[in-house]
Amino acid sequence: MNSKQMVSHGFGPVFDEDSKVLILGSFPSVKSREQSFYYGHPQNRFWKVMAAVLKAPLPVSIEEKKAFLIVNHIAVYDVIESCSIIGSSDSSIRDVTVTDLSGILKHSKVGSHIYANGAKAYDLYRKYTLPVTGIEAVKLPSTSPANAAWSLERLIGTWEKELRIAIKKDR
Numbered sequence: 058m059n060s061k062q063m064v065s066h067g068f069g070p071v072f073d074e075d076s077k078v079l080i081l082g083s084f085p086s087v088k089s090r091e092q093s094f095y096y097g098h099p100q101n102r103f104w105k106v107m108a109a110v111l112k113a114p115l116p117v118s119i120e121e122k123k124a125f126l127i128v129n130h131i132a133v134y135d136v137i138e139s140c141s142i143i144g145s146s147d148s149s150i151r152d153v154t155v156t157d158l159s160g161i162l163k164h165s166k167v168g169s170h171i172y173a174n175g176a177k178a179y180d181l182y183r184k185y186t187l188p189v190t191g192i193e194a195v196k197l198p199s200t201s202p203a204n205a206a207w208s209l210e211r212l213i214g215t216w217e218k219e220l221r222i223a224i225k226k227d228r
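Quick note: the sequence shown uses my numbering, first residue 58, plus one each step.
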């Protein structure tokens, strides 16, 4: 896909009333849109990072991933509902329609625990969503394969450090 297309997100957030943490991406990759679920590119390290941070088995199927998020009180969504984009390139994103986070914020325990998966998600959140929510987000390094400068071990260490306070495992 080398041409710019207007694309809609295609699937909603994952959360429930016990979600304490909200992790926001920018917009789903081509692979994620094909699967209708988050972080679907096989090289994206999100699921490996989260499994390591939570010291849990790596979820594989979409149902396992949904259950993993819910049992660990994590909500996942994206900042953008629709946009013009070339393939999966965050740098090509234009003509943004922002997602409405009010449902998640009203019907969960997220409070101020909002994290952006990568600089683009963080920048978009600050530009479009922060003025609406008034809640600052924490910028985490992207788990995308495009972020080759960060090793898996370094990602795990940074994500664990930032999420440690917000994610308290009930064991």
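No residue lacks a Cβ here, since even glycine has one placed at the ideal position from N, Cα and C. All figures in this text were calculated on a predicted structure; none of them were measured in a lab.
- Taking C-beta atoms under 8 Å as the contact rule, V110 and W207 fail to qualify, at a distance of about 14 Å.
- Contact check for N129 against I213 fails: the beta carbons are separated by 8 Å or more.
- A residue is called buried when at least 16 other Cβ atoms come within 10 angstroms of its Cβ; A194 meets this threshold and is buried.
- Shortest Cα-Cα distance from G69 to any of Y95, M63, T186, G175 involves Y95.
- V136 places its beta carbon less than 8 Å from that of L81.
- Using a Cβ distance threshold of 8 Å, I142 and F72 do not count as a contacting pair.
- Bridge pairing for I161: absent [DSSP].
- Runs of the alpha helix (DSSP H) spanning 4 or more residues and lying entirely within the region 120–179 occur at 159–163, in chain order.
- In this structure, DSSP gives V117 a state outside helix and strand, which the three-state scheme calls coil.
- The alpha-carbon of P188 is positioned some 11 Å away from that of L181.
- For secondary structure counted as the alpha helix (DSSP H) over 4 or more consecutive residues, the region 179–215 holds these complete runs in sequence order: 187–190.
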